[in-house]
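In my numbering, the protein residues as written are 794 to 1157.
Glycine included, every Cβ here is placed at the ideal spot set by N, Cα and C.
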Ligand SMILES: NC(=O)c1ccc[n+]([C@@H]2O[C@H](COP(=O)([O-])OP(=O)(O)OC[C@H]3O[C@@H](n4cnc5c(N)ncnc54)[C@H](O)[C@@H]3O)[C@@H](O)[C@H]2O)c1
Ligand SMILES: [Zn+2]
């Protein structure tokens, strides 16, 4: 098992572990029993994950004499609303959950964001730990302490910073993850490779070449690298005031494409297109070598993600969503660019003409 420590705010009591391995539920139970003697644990998950893994997880923890209950919510982004938070907190009250109770978020980013949020407001805050079950949650959303729910006006408009007491990443959960969801998570892994660790891209290229994208040793390696990159950025900028922005590489155009597709494109597919856009803009404006742009697009294609904007999509719609972003950010859209692989920085604004050209060039 791979273990790393996250240290935020420079305070020892804010530090917690990220554990990565395969079939680690028994160890999770032992660690929780050691750290949470006498505490109750409540698993929050969605019904789909519950059907696949809920009982097994609960049983593993109960073997360590922990008292464990389970709350389920419907699967999907629709559950990431304040109504679901209220349902969860009402269930917690009904179960008699007190301030000693620990919530366990068992699921993807939806369950993680929702449970982290509920934990930060129930009785003014109770502990949460993450058991992420999607690749996206294992490399991204379970690390860093951002929680959130959506409102009618937009995604993640309500939320808190709430660091978990631990993150336990069991690669075995990925065995039941559908390919499309798996690919979506790979987009974030490619992102880490581009902004911080070109070695990750070498590793991905190797795995594609030998058909080993789902092999344990490879997964354990790329997840550990991704977690290390994210946690080091979060340690320096927990509250998203500067450095953490580089994690948005590919996300500016990505979010616009995702929304313009009416969410027909997944987050990963949209970010993949956004990363190619950011790479091309980096070439045009900041001298990123053309071979690197080509390499980024090739890696994206090789894992089955799109590197072009679908023909039926309206460029003007995408552009207008980008200018909406601009209003939110106070006048300029912050684009994360790279001068070379592993060297990201935030560009203070890109003229609309150049943006339009770049998007046109990406149309399939
Ligand atoms: N907090 C953060 O820093 C952060 C970062 C990135 C994304 N997010 C959020 O994450 C959310 C997306 O998360 P996601 O992509 O994990 O989606 P998700 O949580 O909706 O999970 C996707 C689907 O996969 C199913 N599933 C989960 N694990 C499974 C498994 N092991 N086997 C089979 N099916 C499984 C779920 O039931 C669900 O239907 C978004 O709401 C986004 O805003 C948060
Ligand atoms: Zn993302």
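Residue i: CB within 8 Å of a non-hydrogen atom of ligand 1
i	result
residue 972	no
residue 939	yes
residue 934	yes
residue 842	yes
residue 930	yes
residue 953	no
residue 874	no
Exposure label - residue i; buried when at least 16 CB within 10 Å
i	result
residue 893	exposed
residue 1126	buried
residue 915	buried
residue 1130	buried
residue 986	buried
residue 942	buried
residue 848	exposed
residue 989	buried
residue 1116	exposed
residue 867	exposed
residue 906	buried
residue 971	exposed
residue 1084	exposed
residue 807	exposed
Rounded distance between the beta-carbons of residue j and residue i, thought under 8 Å
i	j	result
residue 1092	residue 1070	So it is not a contact: roughly 15 Å between Cβ atoms.
residue 885	residue 842	Not really, about 19 Å apart at Cβ, beyond 8 Å.
residue 1017	residue 800	Not quite, the Cβ-Cβ distance comes to about 17 Å (not below 8 Å), so this is no contact.
residue 1015	residue 996	6 Å
residue 966	residue 922	Going by Cβ atoms, the distance from residue 966 to residue 922 rounds to 15 Å, so no, they are not a contact pair.
residue 1081	residue 1143	Contact flag wrong, Cβ pair sits at about 14 Å.
residue 839	residue 865	6 Å
residue 1023	residue 963	Going by Cβ atoms, the distance from residue 1023 to residue 963 rounds to 18 Å, so no, they are not a contact pair.
Residue i (DSSP reduced to helix, strand or coil)
i	result
residue 923	strand
residue 862	strand
residue 800	coil
residue 1056	coil
residue 794	coil
residue 1154	helix
residue 991	helix
residue 1011	helix
residue 1068	helix
residue 823	helix
residue 834	strand
residue 898	strand
residue 1130	strand
residue 1139	strand
residue 891	coil
residue 1001	helix
residue 1040	helix
Residue i: CB within 8 Å of a non-hydrogen atom of ligand 2
i	result
residue 1085	no
residue 1047	yes
residue 834	no
residue 1064	yes
residue 948	no
residue 1052	no
residue 1060	yes
residue 980	yes
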